[in-house]
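K.L.:
In this note's numbering, the protein residues as written are 318 to 586.
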């Protein structure tokens, strides 16, 4: 008998019963850095400099908050059609407070943020709590709210001691899913650190084998977390929520969650 063949002209196929098929075993291959990112990756220093220059005549904290919110609204509206009209109106409301030049500056800065945050999906990209670092370097820390974001190396260390490699690999066997819940997510730094460890240390495809559920009572933190997770390409839900009372004001679902909805729909509660 002939080995398996496929006739592309006539749509017929045949296979040999004598061919011994070996069971497939996934092989762990370390990911080697390559220059795959199709665009220049801007530095956080460059982005912060642009923010400083463009926010001289406005409230800097509000300018950055609006930058995060409009970015989150723009990404969410590409996939979440149920809330699209309401969020589009909110987007227009925020932008209407700025003159045309400031609107263009917001768009230009967000383009750089988009490039930086989405670069982590490429082998030569950089993981990091970029928005948390931006927040702290712009001196937005709040004593009353306790908003002092965890340094990224500590977040990675905490991920490794919380989720051991053997446990992570065991959870993904038989097409399993690792679910991560952060009830006080801040800017999403802990979640991003978890993705970094899964991809670059444990060599796990987090886009297929991970779901993240985050919530925070601060809306700016919700927007920050949503941006970082959405552009990292992970299925996730971010909630503007009081984690103690479970009172919820808004829900943000990443594009990767919608694109793989049949696989992750059980988390849509």
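The C-beta atom is built at its ideal place from N, Cα and C for all residues, glycine as well.
1. Residue 582 and residue 452: beta carbons closer than 9 Å?
2. I need the straight-line Cα distance from residue 383 to residue 372, nearest angstrom please.
3. Measuring alpha carbon to alpha carbon, tell me which residue in 546, 585 and 577 is nearest residue 392.
4. Run the CB neighbour count on residue 405, radius 10 Å, all protein chains shown included, and call it buried at 16 or more, exposed below.
5. If the criterion is Cβ atoms closer than 9 Å, does the pair residue 508 and residue 475 meet it?
6. Please classify residue 573 as buried or exposed, where buried requires at least 16 neighbouring CB atoms within 10 angstroms.
7. Excluding sequence positions up to five away, which residues of its chain have a Cβ less than 6 Å from the Cβ of residue 438?
8. Give, in chain order, every unbroken run of the alpha helix (DSSP H) that is at least 4 residues long and sits entirely within the region 390-477.
9. Are the CB atoms of residue 534 and residue 496 nearer to each other than 9 Å?
10. Using CA atoms only, rank isn't needed, just tell me which of 586, 557 and 565 is closest to residue 386.
11. Just reading off the beta strand (DSSP E) that residue 570 is part of, what are its end residues?
12. By Cβ distance below 8 Å, which residues in the same chain neighbour residue 375 in space, the five residues on each side in sequence not counted?
13. Just the Cα atoms here: how many angstroms apart are residue 555 and residue 571?
14. Which first and last residues belong to the beta strand (DSSP E) in which residue 555 is found?
15. Use the C-beta contact count for residue 485: other C-beta atoms within 10 angstroms, 16 or more gives buried, fewer gives exposed.
16. Buried or exposed: which applies to residue 539, given that a residue is buried once 16 or more other Cβ atoms fall within 10 Å of its Cβ?
17. Cα separation between residue 470 and residue 506?
18. Go through its chain and collect everything with a Cβ distance to residue 585's Cβ below 6 Å, but skip five positions before and after it.
19. Could you round the C-beta distance between residue 434 and residue 548 to whole angstroms and report it? I think they count as a contact, below 8 Å.
20. Beta-carbon separation of residue 367 and residue 446 under 9 Å?
21. Under 7 Å Cβ to Cβ from residue 577, same chain only, skipping five residues before and after it: list those, please.
22. Smallest Cα separation from residue 427: which of 526, 380 and 518?
23. Would you call residue 409 buried or exposed, if buried means 16 or more other Cβ atoms sit within 10 Å of its Cβ?
24. Could you work out which residue in 430, 365 and 395 is closest to residue 356 when comparing CA atoms only?
25. Any chance you could list the alpha helix (DSSP H) runs of at least 4 consecutive residues sitting entirely within the region 516-549, in chain order?
26. Checking 9 Å against the spacing of the C-beta atoms, do residue 389 and residue 544 come in under that value?
27. Given that a residue counts as buried once 16 or more other Cβ atoms are within 10 Å of its Cβ, and exposed if not, what is residue 422?
28. Leaving out five residues on either side along the sequence, give the residues of the same chain with a beta carbon under 7 Å from the beta carbon of residue 536.
P.N.:
Here's the rundown:
1. No; because the gap between Cβ atoms is not below 9 Å, this pair is not in contact.
2. Just so you know, the alpha carbons of residue 383 and residue 372 end up roughly 12 Å apart.
3. The shortest C-alpha separation from residue 392 is found at 546.
4. Exposed.
5. At least 9 Å separates the beta-carbon of residue 508 from that of residue 475.
6. Buried.
7. Cβ neighbours of residue 438 beyond the five flanking positions: 550.
8. Entirely contained in the region 390-477, the alpha helix (DSSP H) runs reaching 4 residues are, in chain order, 401-412, 417-435 and 447-454.
9. With respect to residue 496, residue 534 sits apart: the two C-beta atoms are not nearer than 9 Å.
10. Put simply, of 586, 557 and 565 the residue whose alpha carbon is nearest the alpha carbon of residue 386 is 557.
11. Element bounds for residue 570: 565-570.
12. So the list reads 415 and 419, once near-sequence residues are dropped.
13. In this structure, the straight-line span from the alpha carbon of residue 555 to that of residue 571 is close to 8 Å.
14. Unbroken beta strand (DSSP E) run through residue 555: 553-558.
15. That one is buried.
16. Label assigned to residue 539: buried.
17. In a straight line, the C-alpha of residue 470 is about 10 Å away from that of residue 506.
18. Once the five neighbours on either side are set aside, residue 585 has no close Cβ partner at all.
19. Indeed, because the Cβ distance is near 4 Å, the residues count as touching under 8 Å.
20. For residue 367 and residue 446, no; Cβs fall outside 9 Å.
21. Counting only Cβ-Cβ distances below 7 Å, and skipping sequence neighbours, we find 552.
22. Minimum Cα distance to residue 427 is reached at 380.
23. Residue environment: residue 409 is assigned as exposed (fewer than 16 neighbouring CB atoms within 10 Å of its CB, all protein chains considered).
24. When each option's Cα is compared against that of residue 356, the closest is 430.
25. For the region 516-549, whole alpha helix (DSSP H) runs of length 4 or above, ordered along the chain, are 523-526 and 536-549.
26. Contact: yes.
27. Residue 422 is buried by the Cβ-count criterion.
28. Cβ within range, chain order: 557.
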